[in-house]
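Student:
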Amino acid sequence: MITRLLVRFAYFISGSRRYGRIKGFFYDLLENDRYPYKRWFDFFMIFIILSSVFILVIEVKEPVPQWLDDFDLYFVTSIFISEYLLRMWVYSDVHKMVIRLYEEAQFLSQPLSLPRLFGVVLKDKWSYVTTPSAIIDLIAILPSYRQIRVLRILVLFRAFKMLRYARSLSSFLFILKSKKFELVTLLTLTAFFVFIAGIMLYVFEGDNDNPNIHTLFDAFYWALITISTVGYGDISPVTPEGRVVSMLIIMTGIGLISFLTSIIVSSFGERLSELREDRVMQEVGKKSEIIVVCGFGIMGRKVAAGLEQERSELIVIDADEAAAQRAHAMGYRSICADATRSEVFERIGVQERIREVLCLTSDDEQNAFIAINVKSLNTAIRVTARVSDREIADKLRYAGVDEVILPEELAAMMGAVYAGEPVAFEAVRSIVLRREDERIDEVAVGMRLVGKELWELRTAMHRLVLLGVVRNDEQGSVFHFNPDDDWPLEASDKLIVLGHSSAVDHFKRKAQ
Amino acid sequence: MMERKQAIVLFGYGKFGRAMYSRLKHDGFGIRVATMLEQNHTDAMDDGVTDVRRFNPKHNDSIRALGIDPGRHLLYCAMDHTANNLFLVLSLRELYHDATIVALSNSEENTRKLRFAGADTVINIYDASVEQMVNALTRPAVREALNTIIYDRNDLKIAEIVIEPASCFDGKRVGEIDFRSKGVVVIAIIDKELGEELIYLSKGVDHKLDAGDTLVVVGRLKELEALKKRCETA
Numbered sequence: 001m002i003t004r005l006l007v008r009f010a011y012f013i014s015g016s017r018r019y020g021r022i023k024g025f026f027y028d029l030l031e032n033d034r035y036p037y038k039r040w041f042d043f044f045m046i047f048i049i050l051s052s053v054f055i056l057v058i059e060v061k062e063p064v065p066q067w068l069d070d071f072d073l074y075f076v077t078s079i080f081i082s083e084y085l086l087r088m089w090v091y092s093d094v095h096k097m098v099i100r101l102y103e104e105a106q107f108l109s110q111p112l113s114l115p116r117l118f119g120v121v122l123k124d125k126w127s128y129v130t131t132p133s134a135i136i137d138l139i140a141i142l143p144s145y146r147q148i149r150v151l152r153i154l155v156l157f158r159a160f161k162m163l164r165y166a167r168s169l170s171s172f173l174f175i176l177k178s179k180k181f182e183l184v185t186l187l188t189l190t191a192f193f194v195f196i197a198g199i200m201l202y203v204f205e206g207d208n209d210n211p212n213i214h215t216l217f218d219a220f221y222w223a224l225i226t227i228s229t230v231g232y233g234d235i236s237p238v239t240p241e242g243r244v245v246s247m248l249i250i251m252t253g254i255g256l257i258s259f260l261t262s263i264i265v266s267s268f269g270e271r272l273s274e275l276r277e278d279r280v281m282q283e284v285g286k287k288s289e290i291i292v293v294c295g296f297g298i299m300g301r302k303v304a305a306g307l308e309q310e311r312s313e314l315i316v317i318d319a320d321e322a323a324a325q326r327a328h329a330m331g332y333r334s335i336c337a338d339a340t341r342s343e344v345f346e347r348i349g350v351q352e353r354i355r356e357v358l359c360l361t362s363d364d365e366q367n368a369f370i371a372i373n374v375k376s377l378n379t380a381i382r383v384t385a386r387v388s389d390r391e392i393a394d395k396l397r398y399a400g401v402d403e404v405i406l407p408e409e410l411a412a413m414m415g416a417v418y419a420g421e422p423v424a425f426e427a428v429r430s431i432v433l434r435r436e437d438e439r440i441d442e443v444a445v446g447m448r449l450v451g452k453e454l455w456e457l458r459t460a461m462h463r464l465v466l467l468g469v470v471r472n473d474e475q476g477s478v479f480h481f482n483p484d485d486d487w488p489l490e491a492s493d494k495l496i497v498l499g500h501s502s503a504v505d506h507f508k509r510k511a512q
Numbered sequence: 513m514m515e516r517k518q519a520i521v522l523f524g525y526g527k528f529g530r531a532m533y534s535r536l537k538h539d540g541f542g543i544r545v546a547t548m549l550e551q552n553h554t555d556a557m558d559d560g561v562t563d564v565r566r567f568n569p570k571h572n573d574s575i576r577a578l579g580i581d582p583g584r585h586l587l588y589c590a591m592d593h594t595a596n597n598l599f600l601v602l603s604l605r606e607l608y609h610d611a612t613i614v615a616l617s618n619s620e621e622n623t624r625k626l627r628f629a630g631a632d633t634v635i636n637i638y639d640a641s642v643e644q645m646v647n648a649l650t651r652p653a654v655r656e657a658l659n660t661i662i663y664d665r666n667d668l669k670i671a672e673i674v675i676e677p678a679s680c681f682d683g684k685r686v687g688e689i690d691f692r693s694k695g696v697v698v699i700a701i702i703d704k705e706l707g708e709e710l711i712y713l714s715k716g717v718d719h720k721l722d723a724g725d726t727l728v729v730v731g732r733l734k735e736l737e738a739l740k741k742r743c744e745t746a
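Taken in sequence, the protein lines are chains A and B. Residues in the first sequence are numbered from 1 upward in steps of one, following my numbering. Residues in the second sequence are numbered from 513 upward in steps of one, following my numbering.
#1: Which first and last residues belong to the beta strand (DSSP E) in which Gly318 of chain A is found?
#2: How big is the Cα-Cα spacing for Ala411 of chain A and Phe26 of chain A?
#3: When you compare only the Cα positions, how much space is there between Asn638 of chain B and Val94 of chain A?
#4: Could you tell me whether the stretch 680 to 697 of chain B touches the stretch 328 to 342 of chain A, where touching means 3 or more Cβ pairs closer than 8 Å?
#5: So, do the stretch 233 to 253 of chain A and the stretch 214 to 225 of chain A have three or more beta carbon pairs nearer to each other than 8 Å?
#6: Anyone know if the C-beta pair for Ile335 of chain A and Glu277 of chain A falls short of 8 Å?
#7: Considering only the alpha carbon of each residue, which of A:Ile392, A:Arg311, A:Glu356, A:Gly285 lies closest to Arg347 of chain A?
#8: Against chain A, which members of the stretch 683 to 713 of chain B pass a CB distance test of less than 8 Å?
#9: Should Glu283 of chain A be labelled buried (16 or more other beta-carbon atoms within 10 Å of its own) or exposed?
#10: Could you check where the alpha helix (DSSP H) with Asn596 of chain B kicks off and where it finishes?
#11: For my contact list, Ala444 of chain A and Ala511 of chain A are in at a C-beta cut-off of 8 Å; report their separation, rounded to the angstrom.
#12: Give me the subset of the stretch 482 to 498 of chain A whose CB atoms are less than 7 Å from a CB atom of chain B, sorted by chain position.
#13: Smallest Cα separation from Leu586 of chain B: which of B:Arg627, B:Leu522, B:Met532, B:Lys740?
#14: Can you list, in chain order, the residues of its chain whose CB lies under 6 Å from that of Ala531 of chain B, leaving out five sequence neighbours each side?
#15: According to DSSP, is Ser127 of chain A helix, strand or coil?
#16: Is the stretch 541 to 557 of chain B in contact with the stretch 483 to 492 of chain A, if contact means three or more CB pairs nearer than 8 Å?
#17: With which residues is Arg565 of chain B paired in a DSSP beta bridge?
#18: Taking the alpha-carbon of Val497 of chain A as reference, which of A:Ile175, A:Phe71, A:Ile440 has the nearest alpha-carbon?
#19: Could you check if Glu515 of chain B is buried or exposed, using at least 16 other CB atoms within 10 Å of its CB as the buried criterion?
#20: Which stretch, first to last residue, makes up the alpha helix (DSSP H) that contains Cys294 of chain A?
#21: Please classify Met513 of chain B: does DSSP put it in a helix, a strand, or coil?
#22: Could you list which residues in chain A have their beta carbon closer than 9 Å to that of Pro652 of chain B, in chain order?
#23: How many Å lie between Lys517 of chain B and Glu421 of chain A at the Cα?
#24: Measuring only the C-alpha atoms, how far is Ser502 of chain A from Glu442 of chain A?
#25: Going along chain B, which residues have a C-beta under 7 Å from Gly420 of chain A?
#26: Which same chain residues, not among the five before or five after Lys515 of chain A, have their C-beta less than 6 Å away from its C-beta?
#27: Could you tell me if Lys734 of chain B is buried or exposed, where buried requires 16 or more neighbouring beta carbons within 10 angstroms of its beta carbon?
#28: I want to verify the contact list: residues of chain B whose CB lies under 7 Å from the CB of Ser362 of chain A, in sequence order.
#29: Note down, in chain order, each residue of its chain lying with its Cβ closer than 7 Å to the Cβ of Leu108 of chain A, except the 5 sequence neighbours on either side.
#30: How many Å lie between Ile362 of chain A and Ala631 of chain B at the Cα?
#31: Return the first residue and the last residue of the alpha helix (DSSP H) that Gly306 of chain A is part of.
#32: Note down, one range per segment and in chain order, each beta strand (DSSP E) of at least 3 residues found wholly within the stretch 335 to 359 of chain A.
#33: Using beta carbons (cut-off 8 Å, strictly below), is Val383 of chain A in contact with chain B?
#34: By a C-beta neighbour count over all protein chains shown, 10 Å radius and 16 as the cutoff for buried, is Arg100 of chain A buried or exposed?
#35: Which residues, in order along the stretch 292 to 321 of chain A, keep a beta-carbon less than 7 Å from a beta-carbon of chain B?
#36: Kindly say whether His500 of chain A, judged by its beta-carbon, lies nearer than 8 Å to any beta-carbon of chain B.
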């Protein structure tokens with residue numbers, strides 16, 4: 001009976017959109033770094049933690065007002081407890097487990113065993129409880145139990161909780177984790193030296209020679225203070241034998257300290273580019289409509305500079321570390337990664353954030369590879385590839401790449417214009433490359449102009465030369481050269497005008 | 513008045529030279545291809561290039577043997593390596609002081625060097641593509657228009673028209689002539705009275721046309737031909 005109810009309830013929940021939405025919201029808030037409101041939640045939690053630690057410090061010398069104590073006892077504690085429970089809740093889906101077990105049981109035509117169900121669920125949630133951060137969370141709740149004074153110090157565990165909310169701290173720990181082996185080796189070595197030196201000193205001076213050394217603990221304490229090169233001087237050896245021991249462990253101590261420093265420094269050096277990438281990913285997490293430039297060679301650099309002027313959101317990807325560094329130095333967000341693999345695009349957010357990918361490496365095959373890679377991930381992204389080979393260009397177009405640009409052909413066309421019409425070439429060049437103030441631009445037809453006829457715009461009066469109109473119809477956008485004066489304007493029309501920058505800007509404002 | 517140079521000597525038949533050849537051929541120029549590498553020579557033969565020769569850019573005699581007439585030929589240096597192009601431009605300039613030399617470069621830096629070496633015009637391979645790409649992202653309609661006017665092989669093109677003495681436009685003002693109804697749009701002019709500089713019509717000055725002035729116009733082939741005829745005859 002209970003089992004039946006449970007199963008039906010599980011199905012109800014798995015079918016409920018509202019439940020999914022609520023759970024999704026809490027998941028985003030607690031775990032999803034890209035969720036914009038998570039930042040505010042993190043700030044709030046850090047504030048709560050700091051206030052709790054602050055109260056602990058104040059309490060040492062002065063009595064705390066009642067309301068502050070209540071705040072600490074009830075408010076902070078309930079926040080922590082609910083956070084802990086919510087985290088446990090979003091950690092996994094119980095209803096899915098119930099359904100899975102139920103369907104498994106149906107398949108084997110056996111009744112669903114309740115103890116087994118609880119076992120599975122408990123085991124799953126237990127695996128959450130035993131994660132290090134969950135343990136810290138739990139310990140941080142304990143100080144609320146006021147009967148045991150010593151638990152108060154565990155408030156400091158709340159400070160550890162901050163690791164969860166401050167990303168820079170956790171990335172520091174993450175880096176150290178990568179050097180686990182070296183650090184453990186070093187720690188073992190240090191422990192070994194402390195152990196040996198402590199025992200030696202105890203043997204030499206423990207028998208009343210040194211008034212400061214009473215127990216073995218004193219000797220170990222002395223050894224650690226000495227080997228770490230801190231050297232308080234509250235305990236110091238008095239016999240020649242003890243001093244020899246001290247000299248030896250000071251020497252090893254210097255070695256160990258420099259070893260430790262070098263481990264940490266080198267691990268940071270190795271991870272620096274990764275840290276930078278994390279930073280880039282966090283920044284773009286809030287952006288959409290991103291343009292990804294793959295390859296930062298001559299062409300990549302130029303395109304990036306051109307797009308920068310238009311204030312587009314850019315990310316530069318280059319497989320070459322030096323090129324990625326250069327892009328970074330020039331102020332672009334850059335990632336050193338292989339763009340032929342899907343991982344990097346997935347990290348940026350291939351489904352929702354990327355608008356356009358430009359494949360601009362100097363290698364045709366590489367560009368083709370990247371283009372296909374992106375298209376296979378999401379066909380909605382516009383992909384532009386630069387290639388030199390006509391055949392590869394045709395293949396890419398066939399594969400659905402939106403635009404294939406052949407730099408050699410475009411340049412050859414410019415060259416051909418020069419051969420026939422050198423004066424026209426100068427005009428083309430300065431218009432196309434925007435070398436002078438004169439520029440060609442598009443002007444969208446605003447609501448006020450819809451329905452009017454072309455002559456009513458009086459482009460000549462605005463010191464503009466009207467070349468034509470680009471209109472979107474079933475076949476896509478088509479350029480209509482020199483349309484008639486009675487051309488009726490539609491909302492999707494774009495006027496192509498040539499003129500001085502200020503005249504174009506003025507006209508654009510008027511056309512709105 | 514600008515002399516028409518209908519014959520072209522194209523140096524190099526690599527990636528760029530090949531594209532250049534196909535475009536120029538399409539536009540109806542007579543082309544002589546000169547290649548340095550055996551491979552490119554074979555490629556050219558395979559592509560059906562009739563007038564193809566091999567040469568060594570380091571020997572002046574080898575260049576002279578190509579039979580270049582600086583008055584008639586337009587020289588295109590389109591080898592794949594900028595270093596080769598630079599050296600070729602130097603040699604050509606030394607041999608033919610009056611020749612018109614067009615060179616290809618792949619960066620602003622090399623453009624400067626090639627100009628210094630004596631090229632009359634330097635075309636950066638990437639410039640046009642970069643602009644097209646940026647346009648595609650920020651001004652798609654402009655890109656569409658430029659594609660139609662300049663890059664696509666259709667009958668819409670940009671051309672220059674020289675006003676001949678005693679033609680029907682001689683002495684008239686630009687504002688008086690209704691070019692648009694003739695199917696062409698005038699975008700710029702070289703007004704001899706004001707010098708050799710190209711002036712955009714959008715500046716708003718109403719120029720008086722005289723013999724020797726050059727108009728830069730956009731139009732369809734048929735209308736351009738018709739207009740040319742009117743400018744060249746009385």
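Virtual Cβ for every residue (Gly too), placed ideally from N, Cα, C.
Tutor: Looking at the coordinates:
#1: In the first sequence, the residue the question calls residue 318 of chain A occupies position 318. Inspection of the sequence shows that residue 318 of chain A is occupied by Asp rather than by Gly. Segment 314 to 318, the beta strand (DSSP E) holding Asp318 of chain A.
#2: Your numbering for residue 411 of chain A matches position 411 in the first sequence. Your numbering for residue 26 of chain A matches position 26 in the first sequence. C-alpha separation (whole angstroms): 55 Å.
#3: On the second sequence, position 126 is the one that residue 638 of chain B refers to. On the first sequence, position 94 is the one that residue 94 of chain A refers to. What sits at residue 638 of chain B in the sequence shown is Tyr, not Asn. Distance between the alpha carbons of Tyr638 of chain B and Val94 of chain A is about 58 Å.
#4: no
#5: yes
#6: Numbered from its first residue, the first sequence carries residue 335 of chain A at position 335. Numbered from its first residue, the first sequence carries residue 277 of chain A at position 277. Cβ atoms of Ile335 of chain A and Glu277 of chain A: closer than 8 Å.
#7: Mapped onto the first sequence, residue 347 of chain A falls at position 347. Of the candidates A:Ile392, A:Arg311, A:Glu356, A:Gly285, the one whose C-alpha sits nearest the C-alpha of Arg347 of chain A is A:Gly285.
#8: Arg692, Gly695, Val696, Val697, Val698, Ile699, Ala700, Ile702, Leu710, Tyr712, Leu713
#9: Indexing the first sequence from 1 puts residue 283 of chain A at position 283. The residue in question, Glu283 of chain A, is exposed, as its Cβ has fewer than 16 Cβ neighbours within 10 Å.
#10: Counted from its first residue, the second sequence places residue 596 of chain B at position 84. Where Asn596 of chain B is concerned, the enclosing alpha helix (DSSP H) stretches over 594 to 607.
#11: The sequence position of residue 444 of chain A within the first sequence is 444, counting from 1. The sequence position of residue 511 of chain A within the first sequence is 511, counting from 1. With 8 Å as the limit, Ala444 of chain A and Ala511 of chain A qualify as a contact, their Cβ atoms being about 7 Å apart.
#12: Asn482, Lys494, Ile496, Leu498
#13: In the second sequence, the residue the question calls residue 586 of chain B occupies position 74. With distances taken between Cα atoms, Leu586 of chain B lies closest to B:Leu522.
#14: If you number the second sequence from 1, residue 531 of chain B lands on position 19. So the list is empty, once near-sequence residues are dropped.
#15: Taking the first residue of the first sequence as position 1, residue 127 of chain A is located at position 127. Three-state result, Ser127 of chain A: helix.
#16: no
#17: To locate residue 565 of chain B, count along the second sequence from 1; it is residue 53. BP columns for Arg565 of chain B point to B:Ala546.
#18: The sequence position of residue 497 of chain A within the first sequence is 497, counting from 1. The candidate whose alpha carbon is nearest that of Val497 of chain A is A:Ile440.
#19: As a position in the second sequence, residue 515 of chain B is number 3, starting the count at 1. Residue confidence is low: Glu515 of chain B scores 43 on pLDDT, short of 50, so the model does not pin down where it sits. Its coordinate-derived value is still stated next. Result: exposed.
#20: On the first sequence, position 294 is the one that residue 294 of chain A refers to. Where Cys294 of chain A is concerned, there is no enclosing alpha helix (DSSP H), although the beta strand (DSSP E) it sits in stretches over 290 to 294.
#21: As a first step, residue 513 of chain B must be located in the second sequence, where it is residue number 1. Any reading at Met513 of chain B needs caution, since the residue's pLDDT is 33, under 50, leaving its predicted position unreliable; the model's value is listed next. If DSSP states are grouped into helix, strand and coil, Met513 of chain B belongs with coil.
#22: Counting from one through the second sequence, the residue named residue 652 of chain B turns up at place 140. Those within 9 Å of Pro652 of chain B in chain A are Glu442, Val470, Ser477, Lys494.
#23: Position 5 of the second sequence, counted from the first residue, corresponds to residue 517 of chain B. Position 421 of the first sequence, counted from the first residue, corresponds to residue 421 of chain A. In this predicted model, Lys517 of chain B has a pLDDT of only 47, less than 50, meaning its place in the structure is not dependable enough to derive any value.
#24: Taking the first sequence and counting its residues from 1, one reaches residue 502 of chain A at position 502. Taking the first sequence and counting its residues from 1, one reaches residue 442 of chain A at position 442. In a straight line, the C-alpha of Ser502 of chain A is about 14 Å away from that of Glu442 of chain A.
#25: If you number the first sequence from 1, residue 420 of chain A lands on position 420. Residues of chain B passing the Cβ test: Asp539.
#26: With chain A covering only 1 through 512, there is no way to say anything about residue 515 of chain A.
#27: The sequence position of residue 734 of chain B within the second sequence is 222, counting from 1. So Lys734 of chain B counts as exposed.
#28: On the first sequence, position 362 is the one that residue 362 of chain A refers to. Simply none; closest approach about 10 Å.
#29: By 1-based counting over the first sequence, the position of residue 108 of chain A is 108. Cβ within range, chain order: n/a, list empty.
#30: For this step, residue 362 of chain A is matched to residue 362 along the first sequence. For this step, residue 631 of chain B is matched to residue 119 along the second sequence. According to the sequence displayed, residue 362 of chain A carries Ser and not Ile. Approximately 26 Å, taken between the alpha carbons.
#31: For the purposes of this step, residue 306 of chain A is taken as the residue at position 306 of the first sequence. It spans 298 to 309 - the alpha helix (DSSP H) in which Gly306 of chain A sits, taken as one unbroken run.
#32: 354 to 359
#33: If you number the first sequence from 1, residue 383 of chain A lands on position 383. Chain B contact via Cβ: absent.
#34: Within the first sequence, numbered from 1, the residue matching residue 100 of chain A stands at position 100. Exposed.
#35: Ile298, Met299, Lys302, Val303, Gly306, Leu307, Glu310, Ser312
#36: Counted from its first residue, the first sequence places residue 500 of chain A at position 500. Judged by the 8 Å Cβ criterion, His500 of chain A is in contact with chain B.
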